[in-house]
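Protein chains in written order, with the numbering used here: chain A, 1 to 168; chain B, 1001 to 1587.
This is the structure:
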């Protein structure tokens, strides 16, 4: 029996109506599924549609069950498994605050440059960096900053999209 | 035509009428007074005043299940809505179409901890198929029609519409149902033909086949039951069904093996265990049916027909999944079977039936017949004989009596049998019987009950009396929560912790205090007599207290965590062998 745990990124197009996020989250908590990351925002103002990007993990049977359960929710328009449906791009945005002076401050700025992070706030003793990248890149950057005076990090979670010309 | 302005309450009533509602079950309160006022001023919709909101929902379930229509409920905010929650979840588990309207505090008070305020949509979100909070009176008509559409389409279920009191008072525009089309919800009814063809090829090669059918066939309407019967007759395969599916295939037919599962028949469970092709139509591989998953029908190829894609591969991996309405799929199956001129493997089938008949000869429902005490099975056998040929409906509560009723009462038509299967709600049967009786005033409606379950919603006798619903409450009184006691005996060393029904009322006097008929049988000889008297009562409810053997257990039984071929037949089977540690944690 196949028991391998797979990680899947799932995009869900939903009506942007009250309670829709609670339905999705309640589904995951009520049925004991994992949420590794979840992002949501309105993507189509005219039709009041929101796009939810979920990263979840489970056996193949559980992942299929998650998709079927999501699709069953009345305000859900479409469910796409980006992991299954060919190549996709995934990005996270992070804001990372680092405080320090002297060499540590210079090193933080140098690493930010290597990671192509932008300085969005600077004081004489601190920076706030903005970084966009894969989850692994953000993990790496935050890991390095932890040794250079990391104060806090705030991350959006994954947003994702399939590669190529066709859309949702 | 000038735009028609109505109050929110009037919109509610008009929408109900346009949706064909003739009966609504409810209980008034502050937050629904405008709707009650609108009900007062019309005669098309009959309001049935229950005695507790939970019963309103069960009554609507009984109505819905016995008619195939959407049941309708009206409750107030706060406690009215929270009392309805058990009923809503019951309907969700058993896929019963309902629309429940709940009052809510005025929109400007929502979130302020107002009097009788509850986050009703929040509380009922996991207990309904869908729910709505209507904050704009101009969305009310559309939402009502959507609610009915969602409730009855696809896999049916309960839908709640929460309506703040100011919205009920406000003026708005009505739109008729024809103008409302749902944006997203379009369940797949027609199956993928390639899959049906694959299934037909597999069915034609089967050597040890079985049909395993469920509530989905009942929900697909009477036509689905007829098509099922036709296809089963064409193939001459054996058929079993879940608790929820009883009646879709006639129990009087020789191909019928009885119910399967934990208290199913030996022949049904062994046929499932040994089959090579399983044709599941509208059942969901519930844990009461499958038993130990790793040993569930181990050598079989499985076809699974279900309208809900999330039911497929949820508990059991299947070989040929078919998403679609049971009736639509059966129609295609019959058509393709005929078009391809399929023949079953007669030789193999003859051998298979030989095996099945061998299991049937074990006569697993046999019990210790005695004159000394009324066996519950005997009482049900006598009820069965008395109801034979009469237009009747049966509801049950939950427990031993429910399983005995499923074993001993035969149903030849769908929509005749109403029981709380998925949720197992004690107290379901009496209000459900009232709902079924009001929908079928001339039929005999019997609630097969236990004394403990009856006490859970016995206040509804008042409802039955008020509306002259002559329901028969057939209490198999063993003075125990029998199924709890049975499990305690078999799995917990006969430590009967809190399962004795202490301080019971005198059910005959109780009946009389409501102006009903109360009857009692304490000896075998009295059973037929009270059943006869019970059936003669047609103008008021009747409570029948049958003092049955308090020690009788329900067999056959597959203990939790055991496979279909590990069946206990009776008290002579050692319970200790039946108690693996991992099975004890299962309910």
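Backbone N, C-alpha and C fix where the C-beta goes; we use that ideal spot for every residue, glycine too.
First through last residue of the alpha helix (DSSP H) which encompasses residue i
i, result
"residue 1008/B", "1008-1018"
"residue 1195/B", "1193-1205"
"residue 1090/B", "1079-1093"
"residue 1290/B", "1287-1290"
"residue 110/A", "103-114"
"residue 1035/B", "1033-1040"
"residue 1495/B", "Note, residue 1495/B: premise wrong, no alpha helix (DSSP H); not H, not E."
Member of the options whose CA lies at the smallest distance from the CA of residue i
i, options, result
"residue 1368/B", "1075/B, 1552/B, 1328/B, 1216/B", "1552/B"
"residue 1139/B", "1049/B, 1009/B, 1217/B", "1009/B"
"residue 158/A", "141/A, 133/A, 146/A, 29/A", "133/A"
"residue 83/A", "53/A, 122/A, 29/A", "53/A"
"residue 1429/B", "1456/B, 1512/B, 1409/B, 1029/B", "1456/B"
"residue 1463/B", "1181/B, 1335/B, 1514/B", "1514/B"
"residue 1109/B", "1135/B, 1098/B, 1126/B", "1135/B"
"residue 1500/B", "1493/B, 1483/B, 1512/B, 1340/B", "1483/B"
"residue 1400/B", "1304/B, 1263/B, 1154/B, 1314/B", "1263/B"
"residue 1545/B", "1512/B, 1538/B, 1561/B, 1568/B", "1512/B"
"residue 27/A", "62/A, 4/A, 160/A", "62/A"
"residue 1403/B", "1011/B, 1346/B, 1376/B", "1376/B"
"residue 1260/B", "1200/B, 1570/B, 1558/B", "1558/B"
"residue 1441/B", "1427/B, 1570/B, 1467/B", "1467/B"
Cβ neighbour criterion (16 or more within 10 Å) applied to residue i
i, result
"residue 1237/B", "buried"
"residue 1311/B", "buried"
"residue 75/A", "buried"
"residue 1004/B", "exposed"
"residue 1387/B", "buried"
"residue 1543/B", "buried"
"residue 86/A", "exposed"
"residue 42/A", "exposed"
"residue 1165/B", "buried"
"residue 1308/B", "buried"
"residue 1090/B", "buried"
"residue 1449/B", "buried"
"residue 168/A", "exposed"
"residue 92/A", "buried"
"residue 1438/B", "buried"
"residue 114/A", "exposed"
"residue 1454/B", "buried"
"residue 1447/B", "buried"
"residue 1331/B", "buried"
"residue 1265/B", "buried"
"residue 980/B", "Since the displayed chain B opens at 1001 and closes at 1587, residue 980/B lies outside it and no answer follows."
"residue 1321/B", "buried"
Contact belief for residue i with residue j at Cβ below 8 Å, rounded distance in angstroms
i, j, result
"residue 1390/B", "residue 1444/B", "6 Å"
"residue 1258/B", "residue 1240/B", "7 Å"
"residue 1027/B", "residue 1076/B", "7 Å"
"residue 34/A", "residue 19/A", "About 22 Å; that fails the 8 Å criterion."
"residue 1281/B", "residue 1326/B", "5 Å"
"residue 1412/B", "residue 1172/B", "Not quite, the Cβ-Cβ distance comes to about 48 Å (not below 8 Å), so this is no contact."
"residue 67/A", "residue 10/A", "7 Å"
"residue 1278/B", "residue 1314/B", "Not quite, the Cβ-Cβ distance comes to about 16 Å (not below 8 Å), so this is no contact."
"residue 1130/B", "residue 1180/B", "Not confirmed; about 14 Å, so no contact."
"residue 1398/B", "residue 1409/B", "Between residue 1409/B and residue 1398/B the Cβ distance is about 16 Å, and since that is not below 8 Å, they are no contact."
Limits of the beta strand (DSSP E) - the one that residue i falls within
i, result
"residue 133/A", "126-133"
"residue 1450/B", "1444-1450"
"residue 1148/B", "Note, residue 1148/B: premise wrong, no beta strand (DSSP E); alpha helix (DSSP H) at 1140-1152."
"residue 1115/B", "Per DSSP, residue 1115/B belongs to no beta strand (DSSP E) and is neither H nor E."
"residue 201/A", "No information on residue 201/A is available, as it lies outside the stretch 1 to 168 that chain A covers here."
"residue 1241/B", "1239-1241"
"residue 6/A", "6-15"
"residue 1104/B", "1098-1104"
"residue 1025/B", "1023-1026"
Any chain E beta carbon closer than 8 Å to residue i
i, result
"residue 15/A", "No chain E appears in this structure, whose protein chains are A and B."
| request: Check whether the stretch 1468-1483 of chain B touches the stretch 1411-1423 of chain B, counting contact only when three or more Cβ pairs, one atom from each stretch, lie closer than 8 Å. | output: no
| request: Could you tell me whether the stretch 95-110 of chain A touches the stretch 47-60 of chain A, using the rule of 3 or more Cβ pairs below 8 Å? | output: no
| Would you call the stretch 1116-1129 of chain B and the stretch 1077-1090 of chain B in contact, with 3 or more CB pairs under 8 Å? | yes
| task | Check whether the stretch 59-79 of chain A touches the stretch 144-151 of chain A, counting contact only when three or more Cβ pairs, one atom from each stretch, lie closer than 8 Å. | result | no
| message | Tell me whether the stretch 119-136 of chain A and the stretch 10-28 of chain A touch, counting them as touching only if at least three CB pairs, one residue from each stretch, are closer than 8 Å. | response | no
| said: Quick check: the stretch 1203-1223 of chain B against the stretch 1337-1354 of chain B, are at least 3 beta-carbon pairs closer than 8 Å? | reply: yes
| query | Do the stretch 1223-1234 of chain B and the stretch 1524-1535 of chain B touch if we need at least three Cβ pairs shorter than 8 Å? | reply | no
| request: Would you be able to state if there are at least three C-beta pairs under 8 Å between the stretch 1188-1195 of chain B and the stretch 1030-1039 of chain B? | output: no
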